[in-house]
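Peer 1: Residue numbers (UniProt numbering), protein chains in the order written: chain A, 1 to 404; chain B, 1 to 636. For each residue, glycine too, the CB sits at the ideal point set by N, CA and C.
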Amino acid sequence: MDFIVTFPALVAGRLVLALSPLTHYLRDDHLLSSPLTSYSRLQEGIYLFKHGIDPYSGSTFRHSPLLLSLFSTVIPLNEVTAAFLWTASDALAAWSLVRIWRARQNVSSSSRDSLIAGLYLLNPYTFLPSLGQSTSSFENALCLLSLMLACQKQASASLLALAFLIQLSLPSILLLLPLLLLLISEPTSHLASPFFFKTDIRRITPLAGQFAAYILLLSGAATLVCGNLNWVEKTWGASLTLPDLTPNPGLWWYFFTEMFDHFRPFFLIVFSVHLLIYVLPLCIKFQHDILYACYLLLGILSIFKAYPTLSDPGLFLSMLSLFPETFPYLHHPIVTALLHLHAALLLPLFHYLWLNQGTGNANFFYASTLVFGMANGAALLDSIWAGLRIAIGEVKEEHEVLQE
Amino acid sequence: MPPAILIKIRKYLRPDGDKNAIRIRRRRKLIGALWASLPSVIVVLLAVGYLWMLSIPFPALGQRTYIDENALQPGQVNTHWNWDDVHRADRYLEALEQLRDRNASSVEVADYLATEFRRAGLSADTQEYSFFTTNGSKTGVNAYATFSSPRASGTEAMVISASWLSRTGEGDGTLNLRGVSTVLSLAWFLRGYSLWAKDLIFVVSDGYLEGMQAWVTEYHGVSQPNLQAEPLRLSSGVIWTALNIDYPGHSFSHLGVFFEGLNGRLPNQDLINSFQRISLYTGGVPMLVYDHRDDVEILGLPSWTPESIRDNSELKEYARRAKNVVRHVAYQARGQASGVHGLLHQFRIDAITLFAVPATGPHGFHAIGRIVESTLRTMNNLLERLHASFFFFLLVGPTTFLKIGSFLPSAVLISVAMMFCGLQGWVKAGWVWMLDEAQATKDEKVHKRVGNGRWSRRQRPVLKAVMVMAATHGLGVVVFYLLTRSWYLHNSTVAPLLVSSLLAVLPLTSLLLLPKQPAQEAPLPVMLKSLNLCLTSTVISILSVLNFSLAAVIAFLTGVPLCYASSSARSELRIAKYMAYTTLAFGWVALQRYEVLKAVANWELLGVWFAPFMCIVYAPLVLQAALVCLLPSESA
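1. Let me check understanding here. Comparing Cα to Cα, which of 39/A, 312/A, 98/A and 117/A lies closest to residue 11/A?
2. Could you list the residues in the segment 378-392 of chain B with a C-beta less than 8 Å from some C-beta on chain A, going in chain order?
3. Starting from the beta carbon of residue 342/A, find every residue of chain B whose beta carbon is closer than 9 Å, and list them in chain order.
4. Applying the 10 Å Cβ sphere with the 16-neighbour rule, what's the burial state of residue 221/B?
5. Using a Cβ-Cβ cutoff of less than 7 Å, which residues in the same chain neighbour residue 388/B once the five nearest sequence positions on both sides are dropped?
6. Tell whether a beta-carbon distance below 8 Å holds between residue 53/A and residue 185/A.
7. Rounded to whole angstroms, how far is the Cβ of residue 537/B from the Cβ of residue 419/B, which I believe are closer than 8 Å?
8. Candidates 203/B, 170/B and 583/B: which alpha carbon is nearest residue 123/B's?
9. By the three-class DSSP mapping on this structure, what secondary structure does residue 259/A have?
10. In or out: residue 108/B buried (at least 16 other Cβ within 10 Å) or exposed?
11. If you count every other CB in all the chains shown that lies within 10 Å of the CB of residue 35/B, and 16 or more means buried, which is it?
12. Evaluate residue 567/B with the Cβ neighbour count: other Cβ atoms within 10 Å of its Cβ, from every protein chain shown; 16 or more gives buried, anything less gives exposed.
13. Which residues of chain B have a Cβ atom closer than 7 Å to the Cβ of residue 369/A, listed in chain order?
14. Taking only the alpha-carbon atoms, compute the straight-line gap between residue 102/A and residue 113/A and give it to the nearest angstrom.
15. For the beta strand (DSSP E) containing residue 617/B, list its first residue and its last residue.
16. What residue range is occupied by the uninterrupted alpha helix (DSSP H) comprising residue 238/A?
17. Taking only beta carbons into account, state which residues of the segment 270-302 of chain A come closer than 9 Å to chain D, listed in chain order.
18. Classify residue 441/B as buried or exposed, calling it buried when 16 or more other Cβ atoms lie within 10 Å of its own Cβ.
19. Within 8 Å (strictly less), CB to CB, does residue 359/A reach chain B?
20. What residues in its chain sit with their C-beta under 8 Å from that of residue 343/B, if we drop five residues either side in the sequence?
21. Using the beta-carbon of each residue, which ones in chain B are nearer than 8 Å to residue 334/A?
22. Strictly under 8 Å for the Cβ-Cβ distance: is residue 20/B near chain A by that measure?
23. Evaluate residue 360/B with the Cβ neighbour count: other Cβ atoms within 10 Å of its Cβ, from every protein chain shown; 16 or more gives buried, anything less gives exposed.
24. Contact between the segment 222-236 of chain B and the segment 180-194 of chain B: three or more CB pairs below 8 Å?
25. Kindly indicate if chain B contains any beta-carbon less than 8 Å away from that of residue 400/A.
26. Kindly indicate which three-state DSSP category residue 447/B falls into: helix, strand or coil?
27. Name the residue from 122/A, 160/A and 96/A whose alpha carbon lies nearest to the alpha carbon of residue 140/A.
28. Whole-angstrom Cβ separation of residue 368/A and residue 306/A, contact assumed at under 8 Å?
29. Quick one: does residue 26/B have its CB under 8 Å from some CB of chain A?
30. Within its chain, find whatever has a CB closer than 6 Å to the CB of residue 365/B; leave out the 5 residues flanking it on each side and keep chain order.
31. Residues of chain A with a CB under 8 Å from the CB of residue 14/B: which are they?
32. So that I know if they touch, is there some Cβ in chain B lying closer than 8 Å to that of residue 119/A?
33. For residue 439/B, does the count of other Cβ atoms within 10 angstroms reach 16, so buried, or fall short, so exposed?
34. Which partner residues of residue 63/B appear in the DSSP bridge assignment?
35. Does the Cβ of residue 398/A have 16 or more other Cβ atoms within 10 Å, making it buried, or fewer, making it exposed?
36. Do residue 63/A and residue 247/A have their beta-carbon atoms positioned less than 8 Å apart in this structure?
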């Protein structure tokens, strides 16, 4: 099917859904929006801001000051504008995904374009949070936009998009190194023929400097908006110190509800630093195909970040469609799919048993988040395996590939 | 030098040679053994699952009930309900009988009740409501009264309720006059004590279930599109627990407890256990599960059976428990409330119905009043909601129950067997054993061992199978739409036949898919069966925590048929199999008209999702198995 026809059709369909009353039921769902991305909290913050109260003096509002200034000056936030805005953000994300695919294949259009856009726009993990108007949809769009611009070698724009993304969500800083490397290498698929990184690695220094300038600029703008530095602790600090233990599909919240207070700082450091250890190994192992390293890092973030929503794994799974060359080497796609099926049914069910029906307790929901973590882990590990295995190619009869 | 035996063991664990080669060899051996034993593993899992289900009422299983929440302290108080309260109840009964005899309208009855509540010194009010369903409308008037607790701020409340119609025959028109008189007399009596830490709410609901549905949804401010109800002018705190009194007969011998709520939700077991102890030790009335009297002949065996079987106490106990389990499953699987209490469960209220089993004696108002008083005192003791994981139980007798761990595995084992079967099908769909041409005529099994052949990959038609599955579920949606139309409800002969013949014929269109199948692809039925089994298994195992009875019934019905659905070479056999499976899937449309009407009414009135579930999930899953049987396995 023609991309020019299907893409607008898909977006129009999404817009109709976004304008339906469905959003009211999804808006405060714990799976779809975290305290850092919730629409209701955003509205609360804007209200306080407009009435001259510092929204960061309390503990409900944890969105970036940039969103605050955007919605209190340029775009008024109401039912209609929100529906358009969130649909537009998903459309931008899907379009970026298609552009990444084209850049990777080095073609100007292909027959898979519609499929890839559809896999993003119709992926329930991405479209439900978007219907629930969680700002994680913006994060996904910025992330894909930044990757797309990097694939097209538009360094400044890409780094600016990343800087915006980090304003919204601090953990995405993990993407900085692979993105810089992607800017000085090729986005085309080299998974089947690995090689050492060709370009001089020192070329990333000026780019890193540029990025630092953007970050400083945006942080300065944010400080100007608020008039003080409270926002740093309330927004970025939240993903490091986990002040709000509202349940979410991630692995942090339950662990820290159970913990004695005097262990808290130690485990907060462990959980945060643990995220950092993946960056270098993945960049080294996949130096021949940095885009794949970015993809894997997004998978790791979706499992282990502090306040994930369903759209984080959704982004990872939708990006899987960029790498069809790895599909024949996946070990256990059916197991991963079934785990996701189980998790996708168990998460809302156990959430309901615990908080609505009252026959279950927090352990039920925690168990379902573990299943979800396993499903995401299975997808991630299988992707790593397939990405490495493809380099060995077809083996002869009676030969086997073994991991030492 | 270590002893020789150690060296031997070490050699066995770490043989000489290339470490990786040994690993590969070991892994292949393991996978080979697993693959070879998979069919027998599936059979064993299925057998254990089915046997487990049958052994749930076994006397050796189950444990004695106990009180988990220490704060409850059941039966630790002196009761003050006395003969003058009984006398008042008798006077109310006379008045209510007069109202009944002159055929008073709902409004008159509710006005009388509200007036009496007010005379008792409570704030009281009435509430009119009307429901509009496809099957006509239902109207009525509720009466209710609140009593603010003298000891606390009124943030929590308890409900004492009685419906105008008794649950006898699921609301067949028997009036619950004595239950209503008890509530009225209790209102006078309970008001006189200052020890209540929770508000008391007295509700006399009109009709059987619909009155309470109107009252409880309005109380919680939930709107229901087909319900028009007056808003409640009196309000109180969060309702934690509720007792519903159902006393239809003249006297009673036992108090039966009914506890199943809408959509299979159960109340906390502590409530039932406390009530059992209070009823027995304070009131001197033995408790029954439902109205199953334990003194009646349970086995009903003909007289020629040997004495040793007829009088076997184990067997009798099994039959007694089985009767309770079957009744429980019948309520829970269909998502039906077994009484008015069940409607309260949807708002997280732990509620039970006390059913005074009609008998010629010996108990009456005196016993039931004391028991309710003492149970309310117990509920009054609660400092937090009944919360311990005491919601998953199977009450097999008044004092015996099964914990979740001893009944859940039965359904889950069957679901695991189905999952294994599905994964086996997935592997079979992706690989095919190609014989060497020279020996292609000989038996396949011999070759596997000799190795004169090889496994080769083939394409899996995943998308095609998923589309067929989606189409069957779409058909389910259409069926559900048809069943909820009024022409179907009013047309008792033609409509069911029309719908069921539509269901039999429409899936045949899938045969049109066949000619397009390329040679390098696995046959569609293999793929369809694999995905169908995986999906069914997921549905059963996830449903088992929400509504165990429904999951067990579905596992029982679909376990063997879906695992062993297969296509065959002869087309007559295929058609016969298809007809059998379609009957299993949609037979109830034609055969169980009464049940269909009841399920649809429950869906419209009370939001019981049993009807949509059967149409949109269960039937399509079995229909997919029917298609597996219908489609030819090898494309010519």
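Peer 2: Quick answer:
1. 117/A
2. 385, 387, 389, 391 and 392
3. The contacting residues are 538, 541 and 542.
4. exposed
5. 68 and 69
6. no
7. Right, the Cβ-Cβ distance comes to about 4 Å (below 8 Å), so this counts as a contact.
8. 203/B
9. When secondary structure is reduced to three states using DSSP, residue 259/A falls in the coil class, being assigned neither helix nor strand.
10. exposed
11. exposed
12. buried
13. Chain B residues near residue 369/A: none, gap ~15 Å exceeds 7 Å.
14. 8 Å
15. Segment: none, residue 617/B is in no beta strand (DSSP E) and carries neither H nor E.
16. 237-241
17. The displayed structure is made up of protein chains A and B, and chain D is not among them.
18. With a pLDDT of 47 at residue 441/B, under the threshold of 50, the modelled position of this residue cannot be trusted, and the question is left open.
19. yes
20. Counting only Cβ-Cβ distances below 8 Å, and skipping sequence neighbours, we find 209, 212, 213, 216, 261, 262, 337 and 606.
21. 423, 426 and 534
22. yes
23. exposed
24. no
25. yes
26. A caution first: residue 447/B carries a pLDDT of 42, below 50, which makes its placement in the model unreliable, though a value can still be read off. Here residue 447/B sits in helix by DSSP.
27. 96/A
28. Between residue 306/A and residue 368/A the Cβ distance is about 19 Å, and since that is not below 8 Å, they are no contact.
29. no
30. Correct list, in chain order: 86 and 89.
31. What residue 14/B touches in chain A: nothing, since even the nearest Cβ is about 16 Å away.
32. With its beta carbon at least 8 Å from every one in chain B, residue 119/A lies outside the interface.
33. For residue 439/B, the predicted structure reports a pLDDT of 49, less than 50, and the residue's modelled location is therefore unreliable. The matter cannot be settled from this model.
34. 401/B
35. exposed
36. Residue 247/A is not a Cβ neighbour of residue 63/A, given a cutoff of 8 Å.
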